[in-house]
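Protein chains in written order, with this note's numbering: chain A, 36 to 767; chain B, 2 to 290; chain C, 59 to 512. Working notes for the structure below.
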Amino acid sequence: MIDSGLDRRDFLKVLGWGGAAAALSGCGNTSIEDGKETVVSYVEAADYAIPGIGVYYNSTCAQCDAGCSINGRVREGRVLKLEGNPASAINRGKTCGLGQAGVQHHYNPDRVREPMLRKGDKFETITWDKAYALIAEKLNGAKGEEVAFLSGGVSGHLKVLLGNYLASIGCKNHYVYEALAPAVARAANKKAYGIEMPRFNINKAKVVLSFGADFLGSWVSPVHFSQQYAQFRKGVDGQRGVLIQVESKMTLTGANADRWVPVRPGTEGILALGIINELGMASGDIAAAVKGYDRIRVSKETGVPPGQIDKIAALLKLRSPSLVLAGSAAEGYAHGSQNAAAINLLNHVLGNVGKTIEASSSVTFTQMAPAKGNTAALKSLNDGLAAGKYKVLFSYAANPVFTAPGALKFKDNLAKADFKVSFAHYLDETALQADLVLPLDSALEDWNTQVPEYMAEGAQINIQQPLMEKLHANTRGMGDILLALVKQRRAEEYKSFDDYYAYLRAAMLQNKGALGGGGADDDTFWNDTLTKGIVKLAGSSGALSGKASVVGLTLPAPSAADAQYPLHLIPGVTASLRDGRHANQPWLQESPDPLTTIVWDSWVEIHPKKAAELGIKEGDILEVTSRSGSIKAQAYLFPGIHPDAISVPLGRGHDALGRYAKGYGANPFQILDAVFDQETGELAMHETRVKVSKTGQCVIVVKDEGSAGGKQMGRKIAVSMSTDEVDLSKEV
Amino acid sequence: MSVNNLLENWAQFRHFHPVDDKPHDPYKWAMSIDLDACTGCNACSVACYAENNLPVVGKEKYQHGHVMHWIRIERYWDESLGVAGGGDFPEQGAQFLPMMCQQCEAAPCETVCPAAATNHTADGLNSQIYNRCVGSRYCSANCPFKVRYFNWYDYPTTDNVWPAEMNQQLNPDVTVRSKGVMEKCTFCVQRLHAAKGTAKNEGRLVHDGDVQTACQQACPTSAITFGNLVDPESKVHKQWQSQQVELDKDAQVKDQKEGGSGLRGYRIFEELRPYPSVMYLERVRESAV
Amino acid sequence: MKDIREDIAWAQINQDVLKSMESPRKLYWVILFFAFAAFCVGVGCEVYQYQTGMGVANKNNPHAWGLYISTFIFWIGMSHSGTLLSAILHLMHADWRKPIFRFAEALTTFSLMTAGLFVMVHLGRLWQFYYSVPYPDERGLWPNFQSPLLWDAMAIFTYLSSSILFLYIGMIPDLAICRDHLHEGWRKKLYTLLSLGWEGTDRQWRNFRVTYLTIACFLIPLAVSVHSIVAADFAMSQQPGWHVTSFPAYFVAGALYSGCSAIITLFIILRYVFKFEEYMTLPILKKTVRLTFAIAMIWTYLNAVEFASVWYSHDQASKDVLIQKVVGPFAPFWWGMIFCGSVVPLMLAFKRFQTNVPVLFVVSLLLNLGMWLERWMIVAPTFSHGYYPWTWDHDQWPGFVQWGMVFASFGWFTMLFMGFCKVFPSVSMYEVKEMVYHRKLHLKNSETAEQGAH
Ligand code: SF4
Ligand code: SF4
Ligand code: SF4
Ligand code: SF4
Ligand code: SF4
């Protein structure tokens with residue numbers, strides 16, 4: 036670095052600490068060591084690798100964006116099991132099932148192992164040098180605006196390097212796409228509280244009223260919220276927390292609620308205003324705005340009985356503080372932002388802001404802060420592709436050919452890009468469309484830093500480090516690839532970094548003072564950081580600044596019946612399959628859906644009453660048709676769904692990805708209409724209307740639930756008692 | 002090899018049950034599961050697959066009832082739901098219950114096994130000796146909880162169960178079972194062994210918290226507590242004690258009392274007298290809504 | 059009517075029976091061929107199951123046992139007929155058993171061997187079957203003496219060896235006849251060896267009688283215990299529908315029942331195939347039929363007792379299993395059992411059917427079917443509908459491998475049985491001679507008495 040000829044400011048940008056000038060003042064000792072520090076295989080066992088004795092490394096779970104810290108058990112050079120790292124405030128030693136399956140991502144037999152170039156309909160193996168040269172060649176023939184980069188959510192030094200690379204090629208089209216992101220909630224939170232992701236203290240609330248936020252299953256940071264939930268159940272001062280879940284399709288969280296309130300799809304905002312009205316705690320313009328929402332009208336429009344509204348309001352009034360959450364109600368509809376605003380208003384009225392909703396901390400290094408994915412990005416990219424704007428398209432950590440709503444015709448538009456590069460773990464649907472496929476290291480082989488979007492306590496940077504030697508010789512870490520690519524343009528600036536590891540280490544050491552390593556020598560600091568797997572930071576705490584406001588809050592009347600497509604389609608988001616990127620992990624395929632206990636297949640949840648009306652019985656193969664297409668799946672009669680809606684889970688229905696994913700189930704993304712939230716432009720996931728018809732075929736539903744259909748037949752197996760009978764305060 | 006030998010072993014075998022003249026000492030592994038905390042998320046089940054080399058059998062075999070999950074999450078609806086009860090919607094949610102081998106103290110599966118392949122250990126586990134099992138499945142027939150899983154196929158050699166690379170994840174501390182043998186939850190006995198070994202080397206007993214089962218360790222809500230029931234310092238001991246659940250009883254204090262005793266602890270099928278080592282804590286329902 | 063003509067010459071008896079061992083009707087070979095073909099199906103199924111795993115039989119959790127154990131009980135039950143006819147009726151001096159007890163005893167032996175096969179076929183690790191028998195080994199390992207399955211193995215083994223012994227000893231005088239009448243060849247060598255130098259001396263006869271009687275006395279409690287122990291496999295378990303005190307008696311009654319109906323079937327077949335009309339006479343058939351009817355009624359009663367005791371026990375789980383049998387997915391088979399086991403035998407109460415061979419043939423087959431269904435209805439419903447509702451499974455049915463094996467067991471049995479009847483005298487020559495002699499004596503006595511009166 037010393038003789039690299041870079042000035043100090045550029046160097047900061049290279050290493051990702053730009054925008055953190057204050058924190059850097061202590062920086063002075065930034066020598067870069069050569070030599071690798073990677074895990075060594077058993078064949079050349081290091082002294083410390085004792086056969087039969089497990090070693091443990093801390094790292095970060097990459098199965099979703101929650102950023103749980105993990106601890107991998109390694110024996111004879113092979114990673115065997117992932118546990119939670121107790122030191123992380125996010126997951127405190129715990130993991131979800133999806134996180135457990137991380138090892139099956141790593142050892143997956145269907146991983147891409149070699150760089151591959153399209154030759155007609157087939158791929159042929161090429162060398163990395165050729166692949167890099169090809170990219171350089173294609174980029175030379177394209178202007179910056181003719182290049183687009185599609186990625187999933189990225190953060191940390193990878194984001195820095197990616198940004199720098201995009202700058203080096205003059206590309207300003209970075210689309211950060213996540214098929215299932217709480218993007219509307221972020222925007223609504225920003226408005227209501229001044230922060231996109233404040234801290235939600237479920238454990239401090241006496242009542243949680245959730246409008247479809249599946250915080251125990253898949254919403255934002257499920258492991259963290261699950262822990263909070265357990266505390267919430269134990270109660271504040273021995274008074275057990277009460278969970279009320281309002282949604283049209285029962286989620287895992289809904290299944291755990293004390294009261295599950297089925298609501299007419301899309302009318303959640305109306306119900307929220309109705310409750311505010313019923314509470315009678317609001318004044319001024321809020322009171323005026325909710326005045327029309329009397330319980331009779333609200334009951335009529337939402338389908339929730341007036342008595343129920345009374346009870347909810349009474350309970351909220353009685354037990355304070357409470358917490359109100361906006362989940363799928365916000366993400367689902369064209370008026371999702373309005374729904375979310377109405378719901379967030381409840382928190383203000385109830386005085387929860389500042390109590391159960393608190394300012395969260397964020398890392399001060401804005402360059403590293405997560406680039407949060409959303410679906411509006413997909414729409415812009417798709418528009419650009421449709422217009423033939425892009426010559427070169429990169430895609431990383433996203434599978435839009437699978438997850439884009441069918442109505443966008445994404446696959447067709449993608450074909451209009453001349454040269455598509457896919458950085459891939461598997462040959463997924465998007466990689467199959469690419470011209471060049473570059474194989475990635477698994478998350479358990481790769482180096483990285485990660486900054487979680489939802490911070491539990493203070494702020495933290497998570498370290499991702501290899502838990503073992505690479506399984507396949509020719510895969511590369513995304514960081515290494517980006518480094519190689521950025522060197523094509525800015526060789527001088529990056530020449531001192533042999534690989535991404537060196538880059539990362541240098542970057543961390545450069546700023547060790549701010550990272551809590553002031554005073555320690557480089558090696559000590561670095562080893563300590565890797566050992567812990569987490570860098571805890573004070574972070575900067577944004578203040579809650581949002582105000583209770585009804586300005587611009589207008590809720591549409593409940594949607595009118597659609598004679599042609601009478602049912603709402605609610606795509607189900609399950610905790611283990613999410614958007615389907617991990618569907619090739621067999622543990623997840625065989626792990627029963629908690630609510631239906633179905634495995635290895637998709638299903639159509641339909642209310643028994645509706646099913647009776649349509650003459651549908653369990654196992655009938657139904658054709659679900661929307662304006663954008665149709666899919667087929669088996670019927671499952673499910674009491675936890677509004678009779679006006681059906682639900683099909685997301686994540687299955689792959690026609691690529693691998694042996695455990697391909698051919699199992701149907702993909703409801705394919706039939707989603709292109710309806711967007713009017714305010715944020717986010718995809719309105721629940722706005723697709725469908726009709727169902729029987730195909731005449733019938734199958735036996737493959738599920739764990741036996742012939743008794745989830746009844747205990749009076750056998751006292753899972754027992755419950757009511758709060759008046761139990762005394763939780765004496766419990767251990 | 003003699004009849005004396007037989008009689009001696011036999012006498013020992015008989016004594017490992019919780020009788021007064023030979024109490025569990027120094028270990029008796031037990032569990033408690035808080036159904037009010039359990040969300041039914043299935044993390045425990047996946048963790049068990051990872052720890053214990055459970056085969057993924059695939060869709061077709063799953064349909065034929067060949068699934069091998071040692072811990073399954075059952076989801077129950079209220080009896081009042083549906084046509085009979087008149088309820089349209091599960092307004093009180095569902096009820097989840099993790100079910101694995103209850104490590105019964107008087108295990109119905111043990112007495113019937115002709116080969117003595119499933120036995121009681123001194124620290125109160127229902128052990129399963131894969132090598133000794135002849136595959137008669139009598140144990141499964143007699144288990145009231147139906148938590149025993151039989152190897153209907155030779156999963157190690159079955160396509161796509163552990164294909165190349167995937168097999169590298171297998172836990173070397175746990176046998177990979179071959180066709181024709183019975184298996185079930187072991188309370189992660191390999192972890193117990195390791196912990197006991199470490200403690201022994203250090204000249205002490207296993208402390209509470211030294212060892213966790215895989216399901217317990219993963220569980221995001223910490224619904225599962227595991228430990229040594231005869232260690233008065235252990236959480237599991239304290240929980241059993243505060244819930245007044247006793248190992249060798251077929252009815253508990255709370256069953257005698259009229260109305261609410263405020264206690265949530267119970268064991269499933271206690272009246273059949275298998276003396277399960279897993280205590281469940283009842284789910285609580287809010288009466289105010 | 060007389061059980062048997064009293065004027066058959068002893069030489070004629072020898073000639074008739076020995077002829078059956080030389081030239082049966084063509085049908086014999088046809089039966090043997092089909093039996094062998096059926097057996098081959100079973101071999102194929104077993105090889106497939108052995109190689110691939112028990113799963114191919116479409117068993118599962120909870121359906122852990124299925125048809126193998128059901129059919130095992132069926133064959134064990136079948137075996138009781140021989141002991142009934144040869145030992146019990148022997149002690150009761152029921153003369154009419156004499157022409158038919160030999161084949162009944164063979165039935166016992168071969169059905170036990172068939173039953174034993176099912177234990178093997180059922181084991182997940184057949185190659186380790188010896189772990190469940192007490193044999194001396196260097197590690198001092200013993201099987202679990204608490205397990206009814208172990209008692210089962212021991213009881214069956216004892217019963218089988220005793221039955222073979224009984225069958226063999228009872229045959230010695232006849233084997234000597236064969237030795238003396240047959241031409242040179244392997245058969246002669248065999249009979250010479252097996253007849254143990256029987257000369258028919260007074261001392262030999264006396265020893266023979268004592269030995270035979272002793273084994274008969276030994277066999278009776280053994281027979282009862284074997285099926286009680288099979289019943290214990292169920293009754294000693296804790297499962298709803300199995301944990302029933304009356305099971306041993308019920309099982310023994312069922313065993314005698316199926317044994318008797320099997321005797322009727324085989325009676326009719328042998329009578330035709332080996333031209334035994336002279337010996338296996340209709341009056342004897344009639345007696346067998348009446349005996350069968352009586353047992354059928356006892357079985358029906360015990361069935362009712364079982365249902366009633368379940369019903370009044372107020373044990374909900376057991377009641378559920380019963381209800382499930384009556385109205386659930388197994389209902390057709392359960393009602394089939396009731397029909398075949400309790401309604402069809404009512405035909406036997408009518409005199410005109412008691413000697414009607416075609417009717418009896420069909421009826422006896424139906425009774426056998428009913429008895430097989432009974433065993434299936436004992437085993438399967440408890441698995442599909444046990445204590446734990448989450449694991450109830452009403453969708454799993456036995457696969458073709460299971461059915462193939464059940465089918466093949468009839469082939470295997472028939473092969474052994476028909477083979478036996480061709481190689482050994484299936485009608486006891488010396489006992490028939492006794493019978494004829496006794497009758498003559500009886501006749502003479504009564505004639506003298508009559509004359510004296512006048
Ligand atoms: S929530 Fe689960 S998948 Fe997501 S990071 Fe945490 S452990 Fe991994
Ligand atoms: S739960 Fe079943 S398998 Fe486990 S010890 Fe008890 S009877 Fe045996
Ligand atoms: S299956 Fe194995 S463990 Fe179970 S009873 Fe048979 S031999 Fe014993
Ligand atoms: S205790 Fe261990 S073996 Fe048993 S269910 Fe839990 S993880 Fe599986
Ligand atoms: S991991 Fe915990 S919360 Fe989840 S299902 Fe298992 S016991 Fe319940």
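Just so it is clear, CB atoms sit at the ideal spot from N, CA and C, and this is done for glycine as well.
query	result
Under 7 Å from the C-beta of C/GLN374: neighbouring residues of chain A	GLY749
Three-state secondary structure (DSSP) of A/GLN274	strand
A/LYS225 versus A/GLU231 - alpha carbon distance	4 Å
Test: C/THR449 CB closer than 8 Å to a CB of chain A	yes
Buried or exposed (CB count within 10 angstroms, at least 16 for buried), A/PRO601	exposed
Helix, strand or coil at A/VAL303 according to DSSP, with G and I counted as helix	At residue 303 of chain A the sequence reads Glu, which differs from the Val that was named. Looking at A/GLU303 - three-state DSSP - the assignment turns out to be helix.
Distance CB(C/TRP369)-CB(C/GLY399) smaller than 8 Å	no
Nearest-angstrom Cβ-Cβ length linking C/LEU532 and C/THR259, presumed shorter than 8 Å	Within the shown structure, residues of chain C are numbered from 59 to 512, placing residue 532 of chain C beyond reach of any answer.
Span of the beta strand (DSSP E), counted from its first residue to its last, around C/SER286	Where C/SER286 is concerned, there is no enclosing beta strand (DSSP E), although the alpha helix (DSSP H) it sits in stretches over 260-293.
Alpha carbon of A/HIS677 to alpha carbon of A/PRO297, nearest angstrom	6 Å
Beta-carbon contacts of A/LYS207 that lie in its chain and below 8 Å, excluding the five residues immediately before and after	GLY179, GLU180 and LEU201
Heavy atom of ligand 1 within 7 Å of A/GLN98 beta-carbon	yes
Whether A/VAL243 touches A/LEU380 by CB criterion (8 Å)	no
Sequence-distant residues of the same chain with beta carbon closer than 6 Å to C/PHE478, five excluded per side	ALA164
Cβ of C/ASP378 within 8 Å of any chain A Cβ	yes
B/CYS152 beta carbon near ligand 2 (any heavy atom closer than 7 Å)	Position check: residue 152 of chain B holds Asn in this sequence, whereas Cys was assumed. B/ASN152 Cβ: outside cutoff for every heavy atom of ligand 2.
A/GLY745: CB within 7 Å of a non-hydrogen atom of ligand 5	no
CB of A/GLY102 within 8 Å of CB of A/PRO487, strictly	yes
Distance, B/ASN5 Cα to B/PRO233 Cα	38 Å
For A/SER372 and A/VAL325, the rounded distance between their alpha carbons	17 Å
Integer Cβ distance of A/TYR425 from A/VAL182, believed to fall under 8 Å	7 Å
Same chain only: Cβ atoms within 7 Å of A/ARG616, ignoring 5 sequence neighbours per side	ASN434
Expected contact under 8 Å - CB spacing of A/SER575 and A/THR399 to nearest Å	5 Å
Under 8 Å by beta carbon: chain C residues contacting A/LYS746	PRO447
Closer than 7 Å: A/PHE458 CB and nearest ligand 5 heavy atom	no
Inter-residue spacing [alpha-carbon to alpha-carbon] between A/HIS689 and A/VAL736	19 Å
contact_flag[the stretch 268-286 of chain A, the stretch 392-409 of chain A] where n(CB pairs < 8 Å) is 3 or more	no
Heavy atom of ligand 3 within 7 Å of B/ARG138 beta-carbon	yes
Check: C/ASN265 C-beta below 7 Å from any heavy atom of ligand 2	no
C-alpha distance - A/PRO33 paired with A/VAL639, whole-angstrom precision	Summary: the structure shown does not reach residue 33 of chain A, with chain A confined to residues 36 through 767, and so no result is reported for it.
Beta-carbon proximity check, C/ARG237 vs C/SER253, cutoff 8 Å	yes
Min CB distance A/ILE279 to chain B below 8 Å	yes
Alpha-carbon spacing of C/ILE381 relative to C/PHE441, whole angstroms	14 Å
Neighbour-count burial assignment, B/TRP30, 16 or more Cβ in a 10 Å radius	buried
Euclidean distance between Cα positions of C/THR110 and B/TYR154	6 Å
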